[in-house]
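J.: Supplied in structure tokens, the structure appears directly below.
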Amino acid sequence: MSKPTINIVWIKRDIRSQDHAPLAAADNEDIPYLIIYLFEPEMIAYKDTSLRHLQFQYHALQELNNAFAIHNKKVELLFGNAIDIFRSLLASIQVKNIFSYQESGTPITYHRDILLSELFKESDCTWKEFQRDGVIRAIKNRDGWDEQWKNVMESPLIINSYKNKLPVYFENNFLLPDRLMRALNNYSPRMQPAGEKFAFQYLNSFVRERGVNYSRHISKPTESRTSCGRLSPYISWGNLSIRQVYQYVMNYKNKHSNTFALNNFLTRLHWHCHFIQKFESECMFEFVCVNKVYEDLILTKNAEYIQRWKNATTGYPMVDACMICLKETGWINFRMRAMLVSFFCHHLMQDWRDGVYHLAKLFLDYEPGIHFPQFQMQAGTTGVNTIRIYNPLKQSIEHDPEGVFIKKWLPQLKDVPTEFIHEPHKMSLVEQQQYNLIIGADYPTPVVDIGETGKIARDVYWGIKKSPATKMENKKILAKHVRS
Ligand SMILES: Cc1cc2nc3c(=O)[nH]c(=O)nc-3n(C[C@H](O)[C@H](O)[C@H](O)COP(=O)(O)OP(=O)(O)OC[C@H]3O[C@@H](n4cnc5c(N)ncnc54)[C@H](O)[C@@H]3O)c2cc1C
4 MSKPTINIVW IKRDIRSQDH APLAAADNED IPYLIIYLFE PEMIAYKDTS
54 LRHLQFQYHA LQELNNAFAI HNKKVELLFG NAIDIFRSLL ASIQVKNIFS
104 YQESGTPITY HRDILLSELF KESDCTWKEF QRDGVIRAIK NRDGWDEQWK
154 NVMESPLIIN SYKNKLPVYF ENNFLLPDRL MRALNNYSPR MQPAGEKFAF
204 QYLNSFVRER GVNYSRHISK PTESRTSCGR LSPYISWGNL SIRQVYQYVM
254 NYKNKHSNTF ALNNFLTRLH WHCHFIQKFE SECMFEFVCV NKVYEDLILT
304 KNAEYIQRWK NATTGYPMVD ACMICLKETG WINFRMRAML VSFFCHHLMQ
354 DWRDGVYHLA KLFLDYEPGI HFPQFQMQAG TTGVNTIRIY NPLKQSIEHD
404 PEGVFIKKWL PQLKDVPTEF IHEPHKMSLV EQQQYNLIIG ADYPTPVVDI
454 GETGKIARDV YWGIKKSPAT KMENKKILAK HVRS
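Plus 3 on top of the position in the sequence shown (first one is 1) and you've got our numbering.
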């Protein structure tokens with residue numbers, strides 16, 4: 004008996020039902036299509052992935068399946084490595100096309116996709132990958148990139164109609180293990196709720212109400228939690244396409260007066276794709292410095308420093324509060340992310356590679372194409388960007404003057420008065436007793452003296468930046484990653 008012929012839509016970081024090119028392509032064909040999402044043990048075990056990422060994906064998929072129910076469609080969730088799953092599927096079903104978005108991932112996903120391409124070729128099945136969010140594969144430089152990006156953003160949204168009702172028969176032999184299912188279901192209510200429905204709620208409340216103070220509060224750790232878009236996890240896991248967000252905001256902006264804030268927001272959507280484009284062209288930035296001259300920097304690994312940064316016990320309240328907040332909620336604003344990186348790389352003088360995965364796992368919105376280039380930019384290893392050595396004390400005083408954020412995430416500091424909240428170690432023993440915080444017992448002494456470390460880091464990092472070798476290398480970087 005001949006095998007039935009079908010198409011497959013492989014959902015990756017595009018967990019949504021609208022403005023979805025692969026789903027539209029499959030829907031337009033006159034054969035049935037199977038929609039799949041893979042939970043791959045090899046990727047799950049990789050050092051950039053954490054349970055919260057998987058939980059967000061899983062709950063977004065549950066919601067997608069709710070939306071699909073009226074169309075008699077379903078995303079099948081499969082557990083196994085992609086190569087094994089596709090090999091098995093191709094052995095039992097005649098697959099004409101595999102439709103997916105291009106993934107601008109880390110080298111591990113890049114190598115997996117090379118193996119898959121070979122398998123699909125051998126099996127006479129076409130893998131049609133669609134461009135994602137205006138990011139272009141295999142470009143040599145950025146000439147004309149901005150214009151092309153704008154064209155994509157302004158082109159009509161894809162209306163997915165699900166008119167192809169041909170039934171697909173599929174027996175899932177790759178069920179998710181019970182243990183994993185239990186863990187996936189145990190999603191903390193402190194994290195942002197996943198899925199398309201919540202994504203649109205956040206988008207709507209941002210443009211209508213929350214965004215009014217967007218620019219004013221963007222660097223404030225407490226206020227930014229409301230005034231920022233908070234769309235990042237929805238964009239990173241594709242509950243919204245960048246084009247959907249862009250057009251929604253443009254539409255609103257043209258009818259209302261809050262243009263300054265919304266323009267700032269739109270600039271960041273552009274940055275989002277700009278960073279991913281960089282990584283698409285050079286995913287080895289996961290491992291190597293953007294400017295290779297920084298590879299010559301000899302740093303001494305200090306396990307205690309690394310642990311104290313990770314465990315939020317540096318003795319600098321703003322640094323520790325940010326880390327705890329991130330652990331609990333999966334989100335902090337840009338400025339505080341930059342400060343955490345700078346503290347690690349500059350004040351603790353640790354190699355960015357020893358901190359980058361820790362934050363990747365904590366960020367609910369983890370997107371490799373933004374994360375690695377941004378981490379390196381804040382670490383000061385790109386050569387082309389200015390080096391910012393953040394003083395956590397200054398950040399704390401400027402952006403959390405009363406210590407509201409600090410006290411929320413470090414409740415042991417709740418009785419400490421404002422004059423000491425940024426530097427509790429400066430209290431005398433009597434004051435420590437008076438304010439219920441014994442330094443060294445209830446809260447640690449500072450791990451380093453940031454006055455000294457800041458100076459050393461400035462000399463080291465600026466010294467390399469100014470060297471002729473760095474400048475030479477910068478020319479190559481600029482030619483490839485910046486528009487002329
Ligand atoms: C070390 C470091 C690592 C980061 N890693 C990530 C990451 O893994 N995933 C991620 O989405 N963002 C990352 N960012 C960028 C930025 O901090 C977040 O996008 C932002 O805080 C998300 O909050 P929001 O949705 O409220 O952003 P908004 O201010 O409302 O911005 C709207 C959207 O624009 C994009 N965006 C905003 N700022 C930036 C930026 N500086 N660079 C690129 N895109 C931006 C995001 O998609 C965001 O959702 C990182 C920043 C730093 C310093």
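All C-beta atoms, glycine included, are put in the ideal place defined by N, C-alpha and C.
Give the DSSP bridge partners of I9, in chain order.
T.: Translated into the one-based positions of the sequence shown, residue 9 becomes position 6. Looking at the DSSP assignment, I9 forms a beta bridge with V98.
J.: By how many angstroms is the C-alpha of P447 removed from the C-alpha of H317?
T.: As a position in the sequence shown, residue 317 is number 314, starting the count at 1. As a position in the sequence shown, residue 447 is number 444, starting the count at 1. According to the sequence as given, residue 317 is Thr; it is not His. Their Cα atoms are separated by approximately 7 Å.
J.: Starting from L80, trace the beta strand (DSSP E) in both directions and tell me its first and last residue.
T.: Here residue 80 refers to the residue found at position 77 of the sequence shown. First-last of the beta strand (DSSP E) with L80: V78 to F82.
J.: Residues in the same chain with beta-carbon distance under 6 Å from K99, minus the five sequence neighbours each way, listed in chain order, please.
T.: Within the sequence shown, numbered from 1, the residue matching residue 99 stands at position 96. Answer for K99: T8 and N10, listed in chain order.
J.: In chain order, which continuous runs of the beta strand (DSSP E) of length 3 or greater are located wholly inside the segment 21-74?
T.: The qualifying runs are 36-42.
J.: Assuming F177 and L81 form a contact by the criterion Cβ under 8 Å, report the distance between their Cβ atoms to the nearest whole angstrom.
T.: Within the sequence shown, the letter at position 174 stands for residue 177. Within the sequence shown, the letter at position 78 stands for residue 81. F177 to L81, Cβ: 4 Å. Contact.
J.: Report whether the distance from the Cβ of A472 to the nearest heavy atom of ligand 1 is below 7 Å.
T.: The count along the sequence shown starts at 1 and reaches residue 472 at position 469. Checking the Cβ of A472 against ligand 1 gives no.
J.: Relative to ligand 1, is the shortest distance from any of its heavy atoms to the C-beta of G333 smaller than 7 Å?
T.: Here residue 333 is taken as the residue at index 330 of the sequence shown, counted from 1. Flag unset: Cβ of G333 not near ligand 1.
J.: Report yes if the C-beta of S239 is less than 7 Å from at least one heavy atom of ligand 1; otherwise report no.
T.: Taking the sequence shown and counting its residues from 1, one reaches residue 239 at position 236. Because some heavy atom of ligand 1 lies under 7 Å away, the Cβ of S239 counts as near it: yes.
J.: Can you give me the Cβ contacts of I373 inside the same chain, cut-off strictly under 7 Å, excluding the 5 residues immediately before and after it?
T.: As a first step, residue 373 is located in the sequence shown; it is residue number 370 there, counting from the start. Cβ neighbours of I373 beyond the five flanking positions: H275, F278 and I279.
J.: Where does the unbroken alpha helix (DSSP H) through E405 begin, and where does it stop?
T.: The count along the sequence shown starts at 1 and reaches residue 405 at position 402. Element bounds for E405: n/a, residue is neither H nor E.
J.: Just reading off the alpha helix (DSSP H) that T112 is part of, what are its end residues?
T.: The residue labelled residue 112 in the question sits at position 109 within the sequence shown. P110 to E125 is the extent of the alpha helix (DSSP H) around T112.
J.: By DSSP, does F209 sit in helix, in strand, or in coil?
T.: In the sequence shown, residue 209 corresponds to position 206, counting from 1. Helix at F209.
J.: Quick one: is Y393 buried, meaning 16 or more other Cβ sit within 10 Å of its Cβ, or exposed?
T.: Taking the sequence shown and counting its residues from 1, one reaches residue 393 at position 390. Classification of Y393: buried, given that the 10 Å Cβ count is 16 or more.
J.: Report the residue from L351, K397, Q437 and W334 whose alpha carbon sits nearest the alpha carbon of R311.
T.: Within the sequence shown, residue 311 is the residue found at index 308, counting from 1. Answer by Cα proximity: L351.
J.: Could you spell out where the alpha helix (DSSP H) holding C150 opens and where it closes?
T.: Your numbering for residue 150 matches position 147 in the sequence shown. It is worth fixing the name first, because residue 150 is Glu in this sequence and not Cys. From DSSP, the alpha helix (DSSP H) with E150 extends over W148 to E157.
J.: Does DSSP classify K411 as helix, strand or coil?
T.: Translated into positions along the sequence shown, residue 411 becomes position 408. K411 falls in the helix class under three-state DSSP.
J.: Thinking C-beta only, is V296 closer than 8 Å to T473?
T.: Counted from its first residue, the sequence shown places residue 473 at position 470. Counted from its first residue, the sequence shown places residue 296 at position 293. For T473 and V296, yes; Cβs fall inside 8 Å.
J.: Would you check whether ligand 1 has a heavy atom nearer than 7 Å to the C-beta of W274?
T.: Taking the first residue of the sequence shown as position 1, residue 274 is located at position 271. Flag set: Cβ of W274 near ligand 1.
J.: As a quick exercise: from E226, N305 and N68, pick the residue whose alpha carbon is nearest that of D403.
T.: For the purposes of this step, residue 403 is identified with residue 400 of the sequence shown, where counting begins at 1. Considering only alpha carbons, the answer is E226.
J.: Going by beta carbon distance, what residues of the same chain come within less than 7 Å of H74, once the five residues before and after it are set aside?
T.: In the sequence shown, counting from the first residue as 1, residue 74 sits at position 71. Result list for H74: Y165, in chain order.
J.: Starting from E132, trace the alpha helix (DSSP H) in both directions and tell me its first and last residue.
T.: The residue given as residue 132 occupies position 129 in the sequence shown. Per DSSP, E132 belongs to no alpha helix (DSSP H); it is in the beta strand (DSSP E), T129 to F133.
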